[in-house]
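Let me begin by presenting the structure, written as structure tokens, before commenting on it.
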Amino acid sequence: MEYTKNNSHNNILGIESSCDDTSAAVLVNGNICSNVVASQKVHEEFGGVVPEWASRKHQQNILPTVKSALSKANLSLQDIDAIACTQGPGLVGSLLVGHTFVKGLSMSLGIPFVNVNHLDAHVLAHFIDGEIPSLPFLCLLVSGGHTQIVLVKENYQMKVLGKTMDDAAGEAFDKAGKMMGLSYPSGPQIDELAKTGNPNAFKFNKPNVGGLDYSFSGMKTSILYFLQKEVKKNPNFIDENIQDLCASIQYTIVSYLLSNLKRAIKETGVNSIGIAGGVAANSELRDSLIKLADNTDSKAYIPKFEYCTDNAAMIAFAGKIKLEQKQFGTLTDVCYTRK
Ligand code: KG4
Ligand code: ZN
């Protein structure tokens with residue numbers, strides 16, 4: 090396709106719709122001018138994201154979210170030079186809403202779009218603004234759908250050193266919360282309740298699958314069996330111990346996550362470390378990363394809170410890199426559910 094506008098790509102519109110958050114952001118000359126996120130409350134009562142509901146909500150939210158992002162940046166659609174959009178991984182129905190919207194917008198405005206990988210964007214959130222990590226950089230990417238240790242090299246080249254064999258860290262938080270009667274997503278609630286609990290009150294299994302890989306399914310089962318056993322003895326066990334349970338579960342997940350990151354520091358000799366993705370919003374993970382950096386002579390980097398959970402600022406930024414490399418998307422590109 091021939092694009093009618095100039096090649097400068099100063100004003101980039103980013104769009105994210107991979108799961109249950111619709112987000113739009115505007116990046117002007119490399120600076121984020123707006124980053125609007127419309128969250129979907131409809132999933133709370135189901136204890137997890139309902140894909141069909143998610144796509145329908147994205148359809149309702151996408152236009153107002155884009156309009157709001159443009160207005161906060163004091164720009165109109167005609168000022169936009171290029172669009173960056175999440176292509177995957179994610180829920181296919183959700184991705185399709187954003188991706189199809191962007192293809193249509195690109196065609197009607199005569200401007201290019203670029204496809205962005207959601208996981209790369211989470212890692213690249215570190216490089217948007219604030220203190221930028223030195224390269225090479227080891228990033229623990231922990232979200233609702235993924236858990237990976239990623240090595241970022243020169244020119245943002247990424248290599249996955251370890252990943253989960255089954256559930257993701259965010260899923261472990263969410264499923265443990267569901268077992269205790271908390272609503273979805275439970276990660277932030279567990280974080281809050283854990284603040285007044287004892288992390289050593291209860292012990293749960295920490296699997297060892299070898300290398301830098303993770304597994305959370307065994308941990309999940311051990312939490313389930315423990316709760317079932319205790320509730321049989323005392324039906325009020327969960328209510329009476331909710332803070333200690335949250336603190337102990339959080340401690341187990343966080344220390345497990347960081348044990349492999351520590352191993353990665355040792356194996357690679359890389360001393361620039363960070364966390365990214367929704368679970369990077371967790372206060373204990375943030376504090377423990379700083380302690381790990383102190384103990385390993387490393388420097389810790391933590392992205393701004395709003396760049397941790399799903400957002401379009403990271404998509405716009407990741408898109409800028411692809412635009413500079415002229416890796417334009419085409420109308421025949423399709424979304425993907427897995428990396
Ligand atoms: O990156 P994200 O927004 O979406 C995905 O790409 O999956 O991550 C969402 C995940 C959810 O599992 C949620 O429970 C978790 O991030 N999360 C947290 C916290 N805030 C969000 N987990 C633990 N503590 C938090 N404060
Ligand atoms: Zn995400």
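Numbering (the numbering used here), first residue to last: 90 to 428.
Cβ atoms here follow ideal geometry from the backbone N, Cα and C, with glycine treated the same way.
9 Å Cβ cutoff met for residue i and residue j
i	j	result
V241	F226	yes
A365	P392	yes
D302	T253	yes
V231	G259	yes
C397	A214	yes
G187	I104	yes
T175	N150	no
K161	V115	yes
N360	K388	yes
G363	L250	no
F293	T236	no
T154	A127	yes
D109	S183	yes
G233	V368	yes
G200	I121	Note that residue 200 is Ile in the sequence shown here, rather than Gly. No, they are not a contact pair.
M308	P296	yes
Q167	K146	no
H98	E413	yes
K264	D256	yes
T285	Q339	no
L282	A336	yes
N-terminal and C-terminal residue of the beta strand (DSSP E) that residue i is part of
i	result
Q414	Here Q414 belongs to no beta strand (DSSP E), and DSSP marks it neither H nor E.
D110	110–117
N100	100–105
I121	120–128
I229	First, the amino acid is wrong: residue 229 is Leu here, not Ile. It spans 226–231 - the beta strand (DSSP E) in which L229 sits, taken as one unbroken run.
A42	Not covered by the structure: residue 42. The range shown for the chain is 90 to 428.
M465	Outside the displayed span of the chain (90 to 428) sits residue 465, for which this structure offers no information.
N- and C-terminal bounds of the alpha helix (DSSP H) containing residue i
i	result
T357	326–357
E373	372–384
A265	258–268
S223	S223 -> no alpha helix (DSSP H), and no H or E assigned at all.
K59	There is no way to answer for residue 59, as the model of the chain reaches only from 90 to 428.
L282	276–283
Residue i - DSSP class collapsed to helix/strand/coil
i	result
G418	coil
M308	helix
N162	Reading off the sequence, residue 162 comes out as Ala, not Asn. In this structure, A162 counts as coil in the three-state DSSP scheme.
T175	strand
T236	strand
S97	coil
F293	coil
I362	strand
V205	strand
Y303	strand
I423	The question names Ile, but residue 423 in the sequence shown is Val. Three-state result, V423: coil.
V138	coil
V298	coil
G408	helix
K393	coil
Cβ-heavy atom distance, residue i to ligand 3, below 8 Å
i	result
H211	Ligand 3 is not part of this structure, which contains only ligand 1 and ligand 2.
The segment 214–223 in contact with the segment 283–293 per 3-pair CB rule at 8 Å: no
Beta carbon nearer than 5 Å to a non-hydrogen atom of ligand 2: S232, D399
Touch test, the segment 397–407 against the segment 205–219, Cβ-Cβ under 8 Å, three pairs minimum: yes
Segment contact flag, the segment 192–200 with the segment 316–336, C-beta cutoff 8 Å, min 3 pairs: no
Cβ contact (3+ pairs, closer than 8 Å) linking the segment 368–375 and the segment 305–322: no
Three CB pairs or more closer than 8 Å across the segment 266–283 and the segment 126–143: yes
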